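Let me begin by presenting the structure, written as structure tokens, before commenting on it.
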Amino acid sequence: MESRGESENAERILYNMNPRQLVDVACKAYHQKLVGGEEAASPKEVGLNIYILCHHLAQHNKELAALMKPPSVDGVSGDAALQYYANHTAQIEIVRHDRTMEQIVFPIPEMCEYLTNDTKVRVFHTAERDDQGSKVTASSHLAPDSHFHLFNDLFRLIWAVMLLSAAVAITLPKPSGIRTLIMTVILRLICSAGPQPTL
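By full-length UniProt numbering, the letter at position 181 of the sequence shown is numbered 181, and the numbering carries on one by one without gaps.
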């Protein structure tokens with residue numbers, strides 16, 4: 001969708017599906033239960049991608065833009081699906097080296113809800129911005145291991161339990177101590193190498 005012929009693409013899509021259908025499909029995907037194994041795409045993720053498509057198309061169609069913002073009734077927002085999608089998408093503007101600006105709408109991973117405030121503040125303050133303080137010039141290097149920060153305490157706990165259970169298994173070799181050691185070693189391997197190589 002993000003291309004130089006964006007308006008032509010938008011017209012083609014809206015010619016084949018009307019705006020109400022697009023919004024309804026996204027909302028139905030939100031309310032749909034997960035069918036199939038873990039390998040199947042989550043209906044919420046599919047709906048979120050449709051919502052992002054609608055967000056791009058809404059720039060070219062006022063009816064679709066209005067449908068994506070349902071009116072609130074007595075302080076309660078319209079559809080829970082649209083509210084969820086709005087809260088789980090973000091938009092950035094990228095200024096390219098040739099000084100052209102591009103808008104990108106992307107899904108916010110649910111993992112980001114668990115980032116600590118310290119991590120958010122650190123990334124915010126270390127980001128290189130332009131003179132107005134609004135544009136990030138290049139963000140790929142800002143926080144290469146931010147998502148690993150979430151698991152530091154868990155890793156330390158697993159190491160502590162593993163060392164403690166190893167000490168217990170060596171000094172008092174009982175079946176329960178050995179089982180605990182084996183389980184913590186497996187957990188440690190899952191955290192280090194991932195579940196597929198471990199299991």
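Beta carbons: idealized from backbone N, C-alpha and C, even for Gly.
Values in this document were obtained by computation on a predicted structure and should not be read as measured data.
Comparing C-alpha distances from valine 46 to each of Asn61, Ala58, Val25 and Thr184 shows the shortest one belongs to Val25. Apart from the 5 residues on each side of it in sequence, isoleucine 92 sits with its Cβ closer than 8 Å to the Cβ of Gln103, Ile104, Phe106 and Val136 in its chain, given in chain order. In the structure shown, glutamine 103 adopts extended strand secondary structure according to DSSP, grouped into three states. Under the three-state reduction of DSSP output, glutamine 91 falls in the strand class. Three or more beta-carbon pairs separated by less than 8 Å link the segment 154 to 167 to the segment 182 to 189, which places the two stretches in contact. Distance from the CA atom of serine 176 to the CA atom of threonine 89, rounded to whole angstroms, is 47 Å. When only Cα atoms are considered, methionine 162 and serine 192 end up about 14 Å apart. The alpha carbon of alanine 41 has as its nearest neighbour, out of His55, Ala29 and Tyr51, the alpha carbon of Ala29.
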